[in-house]
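Enquirer: The structure's right below; bear with me while I get my questions together.
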Amino acid sequence: MLVAAAVCPCPPLLVPEVASGAAPELDAVRAASADAVAVLAASRPDLLIVVGPAEQAYRGPHAAGAAGSFRGFGVELDVRLGEGGGQERALPPSLAVGAWLLDRNRWGAAPVEGLGVGESLDTGRCLVVGRELAARAERVALMVMGDGSACRTLKAPGYLDERAVEFDRRAVDALGAADIEGLKALDEVAAHELKVSGRAPWQVLAGAAEGAGLGGRLLREDAPYGVGYFVAAWS
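Heads up, the numbering used here is the position in the sequence shown plus 101, with the first residue counted as 1.
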């Protein structure tokens, strides 16, 4: 059963070495993410699974100890997803950011695994995947990585789309209230058009949380680069 979840954004800029001079702009998001990780640890899980968006080559399970890197972003920084034998396949960027957050906050509360999900995964399949994750152990925690719309401003990666703020508002409201039905209702097509990387991971969370009776708290909402970054904790 799911006993806790942390929802965190996954831009590589969250890593100060990658952000360089822009690092202070995300300090509040980093601090909120640390608080969310603390909620996971306090839940005393038997297993933590980090879920995040992934391109085709990185989709599917990632074993404990899997390695990731930020070298593609010009930084000689490597990370590992908890402790274990790992695997040959590298972590996708979203899970590498998750691994960095866990290492930064000295995670040691439970074994860690990862799951990369396609951003196009339909809602029904997301819910099934979430239910399967929740059944993996008696006490499961999820760290759910993903960003809101990348179309919030003219300078955003996806340029300005007037629908972006309203879509993100619905997502934020659902994440902050642990509103499972609200997450299920997020539109797949609109999410794709608005470049929302978090839609599928959030809906995996919705499936995992069915029947768990968790409450939610929104810890941070920001969009410093025209991209929605949200942090929430469910317990």
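From the three backbone atoms N, C-alpha and C, an ideal C-beta is built for every residue, glycine too.
Going residue by residue through the segment 163-251, where are the continuous beta strand (DSSP E) segments of at least 3 residues, counting only ones entirely within it?
Expert: 168-170, 179-181, 213-218 and 241-246
Enquirer: In this structure, does DSSP put Ala141 in helix, strand or coil?
Expert: The identity of residue 141 in the sequence shown is Leu, whereas the question assumes Ala. Reduced to three states, the DSSP call for Leu141 is helix.
Enquirer: Can you tell me where the beta strand (DSSP E) with Arg321 in it begins and where it stops?
Expert: Gly317 to Asp323
Enquirer: Taking Pro154 as the reference, which of Val290, Ala333, Val245 and Ala324 has the closest Cα?
Expert: Val245
Enquirer: Should Ala324 be labelled buried (16 or more other beta-carbon atoms within 10 Å of its own) or exposed?
Expert: buried
Enquirer: Between Val273 and Glu322, is the Cβ-Cβ spacing less than 8 Å?
Expert: yes
Enquirer: Would you mind working out which of Glu289, Lys256 and Ala310 sits nearest Leu48, comparing C-alpha positions?
Expert: The structure shown has nothing for residue 48, since the chain only spans 102 to 336.
Enquirer: What does Gly153 pair with, by DSSP beta-bridge criteria?
Expert: Gly217
Enquirer: Buried or exposed, going by whether 16 or more other CB atoms sit within 10 Å of the CB of Val290?
Expert: exposed
Enquirer: Cutting at 7 Å between CB atoms, please list the residues of its own chain near Pro113, excluding the five before and the five after it.
Expert: Val119, Phe171, Phe174, Pro194 and Val198
Enquirer: Can you look up Gly161 in the DSSP assignment and give me helix, strand or coil?
Expert: Three-state result, Gly161: strand.
Enquirer: Let's test the definition: count the other Cβ atoms within 10 Å of the Cβ of His293 and tell me whether it reaches 16, buried, or not, exposed.
Expert: exposed
Enquirer: Can you find a CB in chain B that lies within less than 8 Å of the CB of Ala334?
Expert: In the structure shown, chain B cannot be found, because there is only a single protein chain.
Enquirer: Mind checking who Ala106 pairs with in its DSSP beta bridge?
Expert: Leu243 and Trp335
Enquirer: Buried or exposed, going by whether 16 or more other CB atoms sit within 10 Å of the CB of Asp269?
Expert: buried
Enquirer: Distance, Cα to Cα, Leu103 vs Ala242?
Expert: Near 6 Å, if we compare the C-alpha coordinates of Ala242 and Leu103.
Enquirer: Below 8 Å on the Cβ atoms is my contact criterion, and I expect Cys111 with Ser134 to pass it. Report the Cβ-Cβ distance as a whole number of Å.
Expert: Contact doesn't hold; Cβ gap of about 10 Å is too wide.
Enquirer: Straight-line CA distance for Ser250 to Val266?
Expert: 8 Å
Enquirer: What do you get for Asp128, buried or exposed, if any count of 16 or more other CB atoms within 10 angstroms of its CB means buried?
Expert: exposed
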